[in-house]
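According to the numbering used here, the residues represented by the sequence shown are 894 to 1431, in order.
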Amino acid sequence: GCGICVKRCPFGAIAIIGLPEELTEDKIVHSYGKNRFRLYGLVVPRDGVVGILGPNGVGKSTILSILSGNLIPNLNNLEEEPSYDKVIKYFSGTELQKYFKDLKDGKIKPVYKPQYVDMLPKVVKGTVGELLKKVDEKGMFEEVVEVLELKNVLNRSLDKLSGGELQRVAIAGACLRDGTIYYFDEPTSWLDIRQRFNCARLIRRLSEKKKVVVVEHDLIVLDYLSDLVHIVYGVPSAYGVVSHPKSTRVGINAYLEGYLKDENIRFRKEPVLFERRPPMDYRERPLLLEYSDIVKTLGDFNLRVEGGSIYRGEVIGILGPNGIGKTTFVKILAGEIKCDEGQVSMGDLRISYKPQYISIEYDGTVEEYLRSIGNIDSSFYKSEIIKPLGIDRIMDFYIEDLSGGELQRVAIASALMRDADIYLIDEPSAFLDVEQRLAVSKIIRRIGEEKEAGVFVVDHDILFQDYISDRFMVFSGEAGVYGRGSAPLDKRTGANMFLKEMGITFRRDPDTGRPRVNKEGSQMDRYQKEIGEYYYID
Ligand code: ADP
Ligand code: ADP
Ligand code: MG
Ligand code: MG
């Protein structure tokens, strides 16, 4: 056990203090079988956007399957066939009674964007253009294709698309349908920052006339999108409990705090704090590495990065859309690619690199693999890396059997356990749930400080980047054609430059200090754009 549970449970990082007493068996909305996963409670769709947040394995997708009519909940009655009549009776006197009645009578037309878009090519044949034209029930084809940057792939068949392209096709397909209520399960996976906000804007516009429910791990996007949020907490794979609806601000703050006041539930031992500390004054630190202007041409693609430096203990966040050379720059630092012009002299600096695309060639278990890299029995690694990343629970798994999220966590752990002066971490938050992202951000900061190393991190989750970074490098350009990278800029200058390019403004939450995106066209948004301060003005 992890020590904080009343009931014994094997799940350390995200376990809660027992199951609340009022959660009796009759509160189970769905169970996947005897001693299998149980879902307590459900979400009520409302006008606007209802956001759902919580770690993996607590039933978020199950909720969407139920509400979208893909799964009739069995109310924990495993003997009889589930039916809507039983469900309607079960929810009698609540808003969900009418919802399920309308669903049964076909008065609700749900539209559903599933979590796993990689299944799409198996069920749908033809080109992107044909598919989207077929589902265009509102005559919005041109507009949606434009916003989601799908012009260049219209003639391509679905099985020839990347993850990010498939995701945008799936979102486009959902938005084009004329439904009464829309469900989006993890819409931003695979998307870069610009695409995340384009997609968020599209969903918000949809919500002006229709009800929308969204599951999302990127807290900045979720915050921007939602009018209300539900937190789902529990023990992954065992049970999940849906919180009462909360205003987005209060709900996300409670999530970061790890404590639900209404329900009196603590689901994480430590809160995540956004200190309003000034970023580290790097000039007081020893210089670690200086590099000159860099030029690199790869096929038709040209990259130029302004020269710069990194100091000991410093974390530099790299921001920018996809296809403009962020990974290429990191590979040049890692010594995997030689630049055409310029110099990066690492001397005897040791480097540890977590590539964007992970493949670990290792015949053995996670434990054996990590043992070959560092001392996994050290209490520092145990408490700072292994446990917070939930790797203690997958120690016996074979490396070749790991899922995307598990592989990502093992790769992050192994990169950070290596002794190095410079850590290069390319897209760590991909495949991770919100809880794991918060854990990784804490670990990266700790390692930088503890080892007095320099860290470069590429990532599209801006809450994550804002939390860990001392300075920002901003990349811009045209995907596949050219990329321009800035020198590391002080946080305000870098963030300002980047947010301006994205067309969004930030304010701070007064209670937690966390960044929030101003609603487009709000007074703050217009004012900050007018004075050219896209980053916080307080
Ligand atoms: P989330 O979306 O929060 O990650 P899911 O709703 O996908 O969670 O799954 C919750 C739990 O239910 C998981 O432990 C998963 O293994 C289990 N589960 C999901 N679908 C099924 C199914 N069809 N049969 C049995 N178990 C399932
Ligand atoms: P980012 O990390 O910003 O998404 P990358 O550095 O991975 O971008 O790639 C930048 C561009 O360089 C992409 O358009 C990619 O297609 C191109 N590219 C990367 N490697 C090669 C290569 N070996 N040959 C030709 N083009 C390449
Ligand atoms: Mg899910
Ligand atoms: Mg990349």
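Even glycine gets a Cβ: it sits at the ideal position worked out from N, Cα and C.
{"Asked": "The alpha helix (DSSP H) enclosing Met1366, as first and last residue numbers", "Found": "Met1366 -> not in any alpha helix (DSSP H); beta strand (DSSP E) instead, spanning 1364–1371."}
{"Asked": "Backbone CA spacing between Glu1413 and Val1237 [nearest angstrom]", "Found": "42 Å"}
{"Asked": "The beta strand (DSSP E) enclosing Thr1190, as first and last residue numbers", "Found": "1187–1191"}
{"Asked": "Range covered by the beta strand (DSSP E) that runs through Glu1183", "Found": "1180–1184"}
{"Asked": "Glu1320: CB within 7 Å of a non-hydrogen atom of ligand 4", "Found": "yes"}
{"Asked": "Beta carbon of Phe1391 nearer than 8 Å to that of Val1367", "Found": "yes"}
{"Asked": "Minimum length 3: unbroken beta strand (DSSP E) runs contained in the region 1105–1182", "Found": "1121–1128, 1132–1135"}
{"Asked": "Asp1418 versus Leu1112 - alpha carbon distance", "Found": "19 Å"}
{"Asked": "Residues near Cys1232 in its chain [Cβ-Cβ closer than 6 Å; skip 5 each side]", "Found": "Ile1187, Lys1189, Ile1225"}
{"Asked": "The region 1295–1314 contacting the region 1075–1095, beta-carbon criterion three pairs below 8 Å", "Found": "no"}
{"Asked": "Residue nearest to Glu915 in terms of C-alpha spacing, selected from Tyr933, Lys982, Lys927", "Found": "Tyr933"}
{"Asked": "Any residue whose CB is nearer than 5 Å to a heavy atom belonging to ligand 1, listed in chain order", "Found": "Tyr925, Phe930, Asn949, Gly950, Val951, Gly952, Lys953, Ser954, Thr955, Ser1130"}
{"Asked": "N-terminal and C-terminal residue of the alpha helix (DSSP H) that Pro1014 is part of", "Found": "1013–1016"}
{"Asked": "Identified DSSP bridge partners for Thr1020", "Found": "Ser1050"}
{"Asked": "N- and C-terminal bounds of the beta strand (DSSP E) containing Ser924", "Found": "921–924"}
{"Asked": "Whole-angstrom distance between Val1017 and Ser1272, CA atom to CA atom", "Found": "50 Å"}
{"Asked": "Residue range of the unbroken beta strand (DSSP E) whose run includes Val942", "Found": "942–946"}
{"Asked": "Local conformation of Arg1419 per DSSP, three classes", "Found": "helix"}
{"Asked": "Ser1245 - containing beta strand (DSSP E), residue span", "Found": "1244–1247"}
{"Asked": "Closer than 5 Å: residues whose CB approaches a heavy atom of ligand 2", "Found": "Leu1191, Gly1192, Phe1194, Asn1215, Gly1216, Ile1217, Gly1218, Lys1219, Thr1220, Thr1221, Gly1373"}
{"Asked": "Exposure label - Glu1109; buried when at least 16 CB within 10 Å", "Found": "buried"}
{"Asked": "Asp1359, DSSP secondary structure in three states", "Found": "helix"}
{"Asked": "Exposed unless 16 or more other CB atoms sit within 10 angstroms - verdict on Val1114", "Found": "buried"}
{"Asked": "Collapsed DSSP secondary structure at Gly1396 in the structure displayed", "Found": "coil"}
{"Asked": "Cutoff 8 Å; reference Gly1373; Cβ partners in own chain excluding five residues on either side", "Found": "Asp1193, Phe1194, Gly1216"}
{"Asked": "Given Phe1349 as reference, the closest of Ala1313, Asn1389, Val1125, Pro1080 once Cα atoms are compared", "Found": "Ala1313"}
{"Asked": "Buried versus exposed, by CB contacts within 10 Å (16 or more), Lys1053", "Found": "exposed"}
{"Asked": "Chain D contact for Ile1269 (CB, 8 Å cutoff)", "Found": "This model lacks chain D altogether, as it is built from one protein chain only."}
{"Asked": "Coil, strand or helix - Arg1407 by DSSP", "Found": "coil"}
{"Asked": "Between the CA atoms of Lys1275 and Ala1267 - distance to the nearest angstrom", "Found": "Per the sequence shown, the amino acid found at residue 1267 is Gly instead of Ala. Those two C-alpha atoms are separated by around 11 Å."}
{"Asked": "Backbone CA spacing between Gly1056 and Leu1325 [nearest angstrom]", "Found": "15 Å"}
{"Asked": "Limits of the beta strand (DSSP E) - the one that Gly1434 falls within", "Found": "Since the displayed the chain opens at 894 and closes at 1431, residue 1434 lies outside it and no answer follows."}
{"Asked": "Residue interval of the alpha helix (DSSP H) (run including Ser1202)", "Found": "Element bounds for Ser1202: not the alpha helix (DSSP H) but the beta strand (DSSP E), 1201–1204."}
{"Asked": "Anticipated Cβ contact below 8 Å, Glu1042 with Arg1070, distance rounded", "Found": "Incorrect: roughly 20 Å between the Cβ atoms, too far for contact."}
{"Asked": "Exposed unless 16 or more other CB atoms sit within 10 angstroms - verdict on Pro903", "Found": "Because Pro903 sits at a pLDDT of 41, beneath the cut-off of 50, its placement in the model cannot be relied upon, and the following sentence gives the value as read from the coordinates. Exposed: under 16 other Cβ atoms inside 10 Å."}
{"Asked": "For Lys1412, the three-state DSSP class (helix, strand or coil)", "Found": "coil"}
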